[in-house]
Amino acid sequence: MHAAEHHGTPAQLRRAIWATRGLFTVLGVFSAVWGVHIPSVKRQYDLGEAALSLVLVAAALGAIAALFFAGRVIGRLGARNAAAACAAVMAAMLSMVLHWPGLPWVLASMLVFGASLSVYDVAINTEGSVLETAGGRPIMGSLHGMFSVGAMAGAALASGLLRAGVPATWQLSVVAVLVALCILVGSRWMLPTPAPSTQPKAHFTWPRGALLIMGLLTFAGMSAEGVMFDWCVLYLQQEVRMPHELAALGYSACAGAMAVMRFAADRLRARHSEQRLLQVSGSITAVSMAVVLIVGQPWVAIVGCGLVGAGLAMIVPILYGAASRVPGTTPAAAIAAVSSIGYAGFMVGPPLIGVIAQHASLTAAMAVVVVAATILALSARFVPEKAA
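Numbers 2 to 389, taken from our numbering, label the letters of the sequence shown in order.
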(Lines of atoms letter the chains of each structure in order from A; the text may use other names.)
(Lines give C-alpha, C1' and ligand atoms only; values in the text may rest on other atoms or scores of the structure.)
Protein backbone atom coordinates (compact mmCIF):
# COMPACT_ATOMS: atom_id res chain seq x y z
CA MET A 2 0.00 0.00 0.00
CA HIS A 3 1.37 3.43 -0.91
CA ALA A 4 2.20 5.93 1.78
CA ALA A 5 -0.28 8.38 0.40
CA GLU A 6 -3.08 5.95 1.10
CA HIS A 7 -2.22 6.13 4.80
CA HIS A 8 -2.09 9.90 4.84
CA GLY A 9 -5.01 11.12 2.71
CA THR A 10 -5.88 11.76 -0.90
CA PRO A 11 -3.57 13.56 -3.35
CA ALA A 12 -5.70 16.70 -2.91
CA GLN A 13 -5.31 16.48 0.86
CA LEU A 14 -1.55 16.05 0.48
CA ARG A 15 -1.29 19.14 -1.74
CA ARG A 16 -3.31 21.21 0.75
CA ALA A 17 -1.25 19.86 3.63
CA ILE A 18 2.03 20.75 1.90
CA TRP A 19 0.90 24.32 1.25
CA ALA A 20 -0.49 24.63 4.77
CA THR A 21 2.76 23.36 6.28
CA ARG A 22 4.76 25.80 4.19
CA GLY A 23 2.59 28.56 5.61
CA LEU A 24 3.04 27.30 9.16
CA PHE A 25 6.82 27.36 8.77
CA THR A 26 6.60 30.86 7.27
CA VAL A 27 4.60 32.37 10.11
CA LEU A 28 6.94 30.74 12.65
CA GLY A 29 9.78 32.57 10.88
CA VAL A 30 7.92 35.88 11.12
CA PHE A 31 7.21 35.25 14.78
CA SER A 32 10.81 34.32 15.59
CA ALA A 33 12.26 37.27 13.67
CA VAL A 34 10.06 39.86 15.34
CA TRP A 35 11.06 38.41 18.72
CA GLY A 36 14.74 38.45 17.72
CA VAL A 37 14.64 42.05 16.52
CA HIS A 38 12.97 43.13 19.77
CA ILE A 39 15.37 41.47 22.21
CA PRO A 40 17.06 44.91 22.54
CA SER A 41 13.58 46.29 23.33
CA VAL A 42 13.31 43.82 26.24
CA LYS A 43 16.77 44.89 27.38
CA ARG A 44 15.76 48.56 27.39
CA GLN A 45 12.29 48.02 28.88
CA TYR A 46 13.61 46.22 31.97
CA ASP A 47 17.05 47.93 32.06
CA LEU A 48 18.92 44.63 31.80
CA GLY A 49 22.63 44.01 31.43
CA GLU A 50 23.99 41.29 29.18
CA ALA A 51 24.01 38.73 32.01
CA ALA A 52 20.40 39.44 33.01
CA LEU A 53 19.31 39.35 29.38
CA SER A 54 20.98 35.95 29.15
CA LEU A 55 18.68 34.73 31.93
CA VAL A 56 15.68 35.69 29.81
CA LEU A 57 17.05 33.72 26.87
CA VAL A 58 18.00 30.72 28.99
CA ALA A 59 14.50 30.62 30.51
CA ALA A 60 13.00 30.30 27.04
CA ALA A 61 15.52 27.60 26.16
CA LEU A 62 14.83 25.66 29.37
CA GLY A 63 11.13 25.71 28.63
CA ALA A 64 11.84 24.48 25.10
CA ILE A 65 14.02 21.61 26.28
CA ALA A 66 11.63 20.52 29.03
CA ALA A 67 8.73 20.46 26.56
CA LEU A 68 10.59 18.06 24.27
CA PHE A 69 10.16 15.27 26.85
CA PHE A 70 6.41 15.38 26.37
CA ALA A 71 6.12 16.86 22.85
CA GLY A 72 5.79 13.43 21.23
CA ARG A 73 3.04 12.44 23.69
CA VAL A 74 1.13 15.69 23.13
CA ILE A 75 1.36 15.35 19.36
CA GLY A 76 0.46 11.65 19.54
CA ARG A 77 -2.65 12.42 21.58
CA LEU A 78 -3.84 15.65 19.93
CA GLY A 79 -2.40 15.20 16.46
CA ALA A 80 0.02 17.65 14.85
CA ARG A 81 -2.75 19.97 13.67
CA ASN A 82 -4.40 20.41 17.08
CA ALA A 83 -1.05 20.65 18.88
CA ALA A 84 0.04 23.43 16.50
CA ALA A 85 -3.21 25.33 17.00
CA ALA A 86 -3.02 25.11 20.80
CA CYS A 87 0.60 26.25 20.83
CA ALA A 88 -0.27 29.22 18.61
CA ALA A 89 -2.55 30.69 21.25
CA VAL A 90 0.06 30.31 24.01
CA MET A 91 2.93 31.72 21.90
CA ALA A 92 0.84 34.73 20.91
CA ALA A 93 -0.16 35.48 24.49
CA MET A 94 3.44 35.35 25.73
CA LEU A 95 4.84 37.52 22.91
CA SER A 96 2.14 40.17 23.28
CA MET A 97 2.82 40.42 27.04
CA VAL A 98 6.63 40.37 27.01
CA LEU A 99 7.00 44.15 27.47
CA HIS A 100 4.13 44.48 29.95
CA TRP A 101 5.27 42.40 32.94
CA PRO A 102 5.93 44.20 36.26
CA GLY A 103 9.46 42.86 36.60
CA LEU A 104 12.14 40.37 35.62
CA PRO A 105 10.71 37.35 37.56
CA TRP A 106 7.48 37.61 35.57
CA VAL A 107 9.46 37.84 32.33
CA LEU A 108 11.42 34.71 33.22
CA ALA A 109 8.27 32.74 34.04
CA SER A 110 6.61 33.82 30.79
CA MET A 111 9.72 32.83 28.85
CA LEU A 112 9.51 29.29 30.23
CA VAL A 113 5.97 29.01 28.88
CA PHE A 114 6.95 30.74 25.64
CA GLY A 115 9.84 28.34 25.03
CA ALA A 116 7.72 25.26 25.82
CA SER A 117 4.94 26.23 23.41
CA LEU A 118 7.41 27.15 20.68
CA SER A 119 9.16 23.80 21.11
CA VAL A 120 6.02 21.67 20.82
CA TYR A 121 4.88 23.71 17.81
CA ASP A 122 8.28 23.21 16.15
CA VAL A 123 8.19 19.44 16.65
CA ALA A 124 4.59 19.31 15.40
CA ILE A 125 5.29 21.02 12.08
CA ASN A 126 8.58 19.15 11.56
CA THR A 127 6.74 15.88 12.21
CA GLU A 128 4.17 16.93 9.63
CA GLY A 129 7.00 17.67 7.20
CA SER A 130 8.58 14.24 7.67
CA VAL A 131 5.20 12.55 7.14
CA LEU A 132 4.66 14.59 3.97
CA GLU A 133 8.09 13.55 2.67
CA THR A 134 7.13 9.90 3.15
CA ALA A 135 3.62 10.29 1.74
CA GLY A 136 4.72 12.32 -1.28
CA GLY A 137 7.84 10.26 -2.02
CA ARG A 138 10.13 13.29 -2.43
CA PRO A 139 12.27 15.47 -0.14
CA ILE A 140 10.59 18.70 0.99
CA MET A 141 12.12 19.32 4.43
CA GLY A 142 14.67 21.79 3.07
CA SER A 143 12.03 23.88 1.32
CA LEU A 144 9.86 23.88 4.44
CA HIS A 145 12.74 25.25 6.48
CA GLY A 146 13.32 27.66 3.60
CA MET A 147 9.83 29.02 4.17
CA PHE A 148 10.75 29.56 7.81
CA SER A 149 13.70 31.65 6.62
CA VAL A 150 11.48 33.60 4.21
CA GLY A 151 9.21 34.37 7.12
CA ALA A 152 12.18 35.36 9.28
CA MET A 153 13.48 37.68 6.56
CA ALA A 154 10.05 39.24 6.12
CA GLY A 155 9.54 39.56 9.86
CA ALA A 156 12.89 41.27 10.35
CA ALA A 157 12.21 43.65 7.46
CA LEU A 158 8.72 44.37 8.84
CA ALA A 159 10.05 45.10 12.32
CA SER A 160 12.80 47.29 10.88
CA GLY A 161 10.26 49.29 8.86
CA LEU A 162 7.96 49.71 11.85
CA LEU A 163 10.87 50.90 13.99
CA ARG A 164 11.77 53.49 11.33
CA ALA A 165 8.13 54.58 11.27
CA GLY A 166 8.20 55.09 15.03
CA VAL A 167 5.61 52.42 15.88
CA PRO A 168 6.01 51.51 19.58
CA ALA A 169 7.50 48.08 20.25
CA THR A 170 4.53 47.11 22.45
CA TRP A 171 2.11 47.64 19.56
CA GLN A 172 4.34 45.77 17.11
CA LEU A 173 4.60 42.69 19.30
CA SER A 174 0.89 42.59 20.14
CA VAL A 175 -0.33 42.99 16.56
CA VAL A 176 2.17 40.48 15.15
CA ALA A 177 1.29 37.96 17.86
CA VAL A 178 -2.43 38.13 17.10
CA LEU A 179 -1.95 37.93 13.33
CA VAL A 180 0.44 34.98 13.58
CA ALA A 181 -1.92 33.10 15.89
CA LEU A 182 -4.83 33.61 13.48
CA CYS A 183 -2.74 32.38 10.53
CA ILE A 184 -1.72 29.25 12.43
CA LEU A 185 -5.27 28.51 13.54
CA VAL A 186 -6.49 28.73 9.93
CA GLY A 187 -3.54 26.92 8.33
CA SER A 188 -3.52 24.03 10.80
CA ARG A 189 -7.01 23.02 9.63
CA TRP A 190 -5.47 21.88 6.31
CA MET A 191 -2.81 19.69 7.85
CA LEU A 192 -3.13 15.94 7.40
CA PRO A 193 -5.88 14.26 9.42
CA THR A 194 -4.73 12.60 12.63
CA PRO A 195 -4.57 8.77 12.50
CA ALA A 196 -6.85 6.83 14.82
CA PRO A 197 -5.36 6.43 18.31
CA SER A 198 -5.05 2.66 17.84
CA THR A 199 -2.57 3.18 15.01
CA GLN A 200 -0.29 5.45 17.02
CA PRO A 201 3.04 3.85 18.09
CA LYS A 202 3.54 3.88 21.87
CA ALA A 203 7.04 5.39 21.91
CA HIS A 204 6.64 9.14 22.35
CA PHE A 205 10.21 9.99 23.33
CA THR A 206 13.42 8.16 22.48
CA TRP A 207 16.56 8.76 24.51
CA PRO A 208 19.22 9.78 21.96
CA ARG A 209 21.94 7.19 21.51
CA GLY A 210 23.92 5.79 18.61
CA ALA A 211 23.10 7.59 15.38
CA LEU A 212 20.51 9.77 17.10
CA LEU A 213 23.09 10.92 19.67
CA ILE A 214 25.59 11.86 16.94
CA MET A 215 22.95 13.82 15.04
CA GLY A 216 21.81 15.43 18.28
CA LEU A 217 25.31 16.65 19.12
CA LEU A 218 25.79 18.11 15.66
CA THR A 219 22.36 19.69 15.88
CA PHE A 220 23.55 21.19 19.17
CA ALA A 221 26.49 22.82 17.36
CA GLY A 222 24.34 24.06 14.47
CA MET A 223 21.52 25.35 16.65
CA SER A 224 23.99 27.01 19.03
CA ALA A 225 25.36 29.03 16.13
CA GLU A 226 21.90 29.71 14.72
CA GLY A 227 20.54 30.74 18.12
CA VAL A 228 23.44 33.09 18.73
CA MET A 229 22.89 34.76 15.35
CA PHE A 230 19.16 35.17 15.83
CA ASP A 231 19.36 36.32 19.46
CA TRP A 232 22.52 38.47 19.40
CA CYS A 233 23.07 39.51 15.79
CA VAL A 234 21.04 42.74 16.01
CA LEU A 235 22.53 43.75 19.36
CA TYR A 236 26.07 42.98 18.12
CA LEU A 237 25.63 45.16 15.02
CA GLN A 238 24.01 47.90 17.07
CA GLN A 239 26.46 47.91 19.98
CA GLU A 240 29.80 46.79 18.53
CA VAL A 241 29.58 47.90 14.88
CA ARG A 242 27.71 51.10 15.87
CA MET A 243 24.79 50.68 13.48
CA PRO A 244 21.35 52.23 14.22
CA HIS A 245 18.76 49.73 15.47
CA GLU A 246 16.73 49.86 12.26
CA LEU A 247 19.84 49.22 10.10
CA ALA A 248 21.18 46.56 12.45
CA ALA A 249 17.95 44.64 11.81
CA LEU A 250 19.12 44.33 8.18
CA GLY A 251 21.89 42.02 9.37
CA TYR A 252 19.24 39.70 10.78
CA SER A 253 17.30 39.99 7.52
CA ALA A 254 20.42 39.21 5.45
CA CYS A 255 21.13 36.13 7.56
CA ALA A 256 17.55 34.89 7.28
CA GLY A 257 17.31 35.71 3.56
CA ALA A 258 20.47 33.85 2.59
CA MET A 259 19.35 30.95 4.76
CA ALA A 260 16.06 30.85 2.87
CA VAL A 261 17.73 30.76 -0.55
CA MET A 262 20.03 27.92 0.47
CA ARG A 263 17.23 25.94 2.08
CA PHE A 264 15.21 26.02 -1.13
CA ALA A 265 18.26 24.56 -2.87
CA ALA A 266 18.83 22.03 -0.08
CA ASP A 267 16.48 19.32 -1.34
CA ARG A 268 18.13 19.27 -4.77
CA LEU A 269 21.61 19.31 -3.23
CA ARG A 270 20.69 16.49 -0.85
CA ALA A 271 19.55 14.39 -3.81
CA ARG A 272 22.82 14.95 -5.73
CA HIS A 273 25.57 15.15 -3.10
CA SER A 274 26.79 13.43 0.04
CA GLU A 275 25.09 14.86 3.12
CA GLN A 276 28.36 14.51 5.00
CA ARG A 277 30.07 16.68 2.41
CA LEU A 278 27.27 19.24 2.51
CA LEU A 279 27.61 19.52 6.28
CA GLN A 280 31.39 19.92 6.02
CA VAL A 281 31.08 22.73 3.49
CA SER A 282 28.29 24.39 5.48
CA GLY A 283 30.35 24.44 8.68
CA SER A 284 33.40 25.81 6.87
CA ILE A 285 31.46 28.66 5.22
CA THR A 286 29.91 29.61 8.55
CA ALA A 287 33.20 29.60 10.45
CA VAL A 288 35.16 31.63 7.88
CA SER A 289 32.38 34.18 7.30
CA MET A 290 31.80 34.84 10.99
CA ALA A 291 35.54 35.20 11.59
CA VAL A 292 35.72 37.87 8.86
CA VAL A 293 32.76 39.75 10.38
CA LEU A 294 34.40 39.84 13.80
CA ILE A 295 37.86 40.80 12.54
CA VAL A 296 36.82 43.55 10.10
CA GLY A 297 33.97 45.05 12.15
CA GLN A 298 32.64 47.30 9.37
CA PRO A 299 28.87 47.78 8.79
CA TRP A 300 28.44 46.50 5.23
CA VAL A 301 31.06 43.79 5.62
CA ALA A 302 29.13 42.67 8.71
CA ILE A 303 25.79 42.58 6.85
CA VAL A 304 27.27 40.59 3.95
CA GLY A 305 29.03 38.32 6.42
CA CYS A 306 25.79 37.70 8.31
CA GLY A 307 24.24 36.66 5.00
CA LEU A 308 27.04 34.16 4.36
CA VAL A 309 26.70 32.80 7.89
CA GLY A 310 23.00 32.27 7.21
CA ALA A 311 23.81 30.45 3.98
CA GLY A 312 26.28 28.23 5.80
CA LEU A 313 23.81 27.33 8.54
CA ALA A 314 20.91 26.76 6.17
CA MET A 315 21.08 23.01 5.52
CA ILE A 316 22.24 21.79 8.90
CA VAL A 317 18.90 21.34 10.68
CA PRO A 318 16.92 20.07 7.64
CA ILE A 319 19.55 17.40 6.95
CA LEU A 320 19.81 16.27 10.57
CA TYR A 321 16.04 16.29 11.23
CA GLY A 322 15.40 14.39 8.02
CA ALA A 323 18.04 11.82 8.90
CA ALA A 324 16.64 11.45 12.42
CA SER A 325 13.11 10.80 11.14
CA ARG A 326 14.41 7.83 9.11
CA VAL A 327 15.96 6.03 12.09
CA PRO A 328 14.09 2.70 12.54
CA GLY A 329 12.42 1.63 15.77
CA THR A 330 10.73 4.90 16.68
CA THR A 331 8.27 7.47 15.33
CA PRO A 332 9.29 10.61 13.41
CA ALA A 333 7.92 12.79 16.25
CA ALA A 334 9.90 10.86 18.88
CA ALA A 335 13.12 10.88 16.82
CA ILE A 336 12.88 14.58 16.02
CA ALA A 337 12.11 15.33 19.68
CA ALA A 338 15.15 13.28 20.74
CA VAL A 339 17.52 15.13 18.41
CA SER A 340 15.85 18.43 19.25
CA SER A 341 16.30 17.79 22.98
CA ILE A 342 20.07 18.07 22.44
CA GLY A 343 19.80 20.69 19.72
CA TYR A 344 17.66 23.00 21.82
CA ALA A 345 20.29 22.72 24.52
CA GLY A 346 22.38 24.64 21.99
CA PHE A 347 19.85 27.45 22.23
CA MET A 348 20.15 27.19 26.02
CA VAL A 349 23.95 27.18 26.16
CA GLY A 350 24.86 29.31 23.13
CA PRO A 351 23.03 32.63 23.59
CA PRO A 352 23.49 32.85 27.39
CA LEU A 353 27.16 31.91 27.01
CA ILE A 354 27.48 34.95 24.76
CA GLY A 355 26.13 37.13 27.57
CA VAL A 356 28.54 35.73 30.13
CA ILE A 357 31.58 36.13 27.86
CA ALA A 358 30.46 39.61 26.81
CA GLN A 359 30.13 40.61 30.47
CA HIS A 360 33.74 39.63 31.15
CA ALA A 361 35.35 40.43 27.79
CA SER A 362 33.39 41.94 24.89
CA LEU A 363 30.44 41.04 22.69
CA THR A 364 32.82 40.77 19.72
CA ALA A 365 34.91 38.16 21.54
CA ALA A 366 31.78 36.34 22.65
CA MET A 367 30.40 36.01 19.11
CA ALA A 368 33.44 33.85 18.30
CA VAL A 369 31.33 31.01 19.78
CA VAL A 370 29.73 30.82 16.31
CA VAL A 371 33.16 30.22 14.74
CA VAL A 372 33.96 27.47 17.26
CA ALA A 373 30.59 25.71 16.84
CA ALA A 374 30.80 25.82 13.04
CA THR A 375 34.35 24.48 13.06
CA ILE A 376 33.32 21.53 15.24
CA LEU A 377 30.44 20.84 12.87
CA ALA A 378 32.69 20.85 9.81
CA LEU A 379 35.19 18.49 11.42
CA SER A 380 32.57 16.07 12.76
CA ALA A 381 30.16 15.85 9.82
CA ARG A 382 31.73 12.57 8.68
CA PHE A 383 30.01 10.81 11.59
CA VAL A 384 26.50 11.47 10.19
CA PRO A 385 25.05 8.33 8.56
CA GLU A 386 24.55 8.77 4.82
CA LYS A 387 21.06 8.49 3.35
CA ALA A 388 20.07 5.32 1.53
CA ALA A 389 20.77 5.29 -2.19
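Think of the CB as a built atom: it goes at the ideal place given N, C-alpha and C, for glycine as much as any other residue.
(message) For a quick check, are the C-beta atoms of residue 215 and residue 384 less than 8 Å apart?
(response) yes
(request) Please say whether residue 269 and residue 251 have beta carbons closer to each other than 8 Å? (result) no
(request) Give a yes or no on whether the C-beta atoms belonging to residue 71 and residue 185 are separated by under 8 Å. (result) no
(request) Decide if residue 145 is buried, meaning its Cβ has at least 16 other Cβ atoms within 10 Å, or exposed. (result) buried
(request) Output the residue ranges of the alpha helix (DSSP H) runs that lie fully inside the region 38–67 and measure 4 residues or longer, sorted by chain position. (result) 39–45
(message) How far does the alpha helix (DSSP H) with residue 314 in it extend, from its first residue to its last?
(response) Where residue 314 is concerned, there is no enclosing alpha helix (DSSP H), given that its DSSP letter is neither H nor E.
(request) Could I get the ranges of all uninterrupted alpha helix (DSSP H) runs contained in the region 219–258, with 4 residues as the minimum, in chain order? (result) none
(request) Please report the Cβ distance between residue 381 and residue 280, rounded to the nearest whole angstrom; I am assuming they are in contact, meaning their Cβ atoms lie under 8 Å. (result) 5 Å
(message) To the nearest angstrom, how far is the alpha carbon of residue 368 from that of residue 294?
(response) 8 Å
(message) Under DSSP, the alpha helix (DSSP H) around residue 138 begins and ends at which residues?
(response) First-last for residue 138: undefined, no H or E at that position.
(request) Report the rounded CA-to-CA distance for residue 241 versus residue 230, giving the unit in angstroms. (result) 16 Å
(request) Let me know the secondary structure DSSP gives residue 327 once reduced to three states. (result) coil
(message) On the DSSP letters alone, give me the boundaries of the alpha helix (DSSP H) that residue 375 sits inside.
(response) 368–380
(message) Quick check on the burial criterion: 16 or more other C-beta atoms within 10 angstroms. Buried or exposed for residue 197?
(response) With a pLDDT of only 43 at residue 197, under 50, the local geometry of the prediction cannot be trusted, and no value is derived from it.
(request) Rank 323, 287, 189, 49 by C-alpha distance to the C-alpha of residue 306 and give the top, closest one. (result) 287
(request) Please list, in chain order, all residues of the same chain as residue 224 whose beta carbon is under 6 Å from its beta carbon, the five residues on each side excluded. (result) 346, 350, 373
(message) Once DSSP output is grouped into helix, strand and coil, what is the label at residue 186?
(response) helix
(request) Kindly indicate which residue of 299, 311, 260, 303 has the alpha-carbon position closest to the one of residue 285. (result) 311
(message) Once DSSP output is grouped into helix, strand and coil, what is the label at residue 274?
(response) coil
(request) Consult DSSP for residue 102 and reduce its assignment to one of helix, strand or coil. (result) coil
(request) Would you decide whether residue 232 is buried or exposed? Buried here means 16 or more other CB atoms lie within 10 Å of its CB. (result) buried
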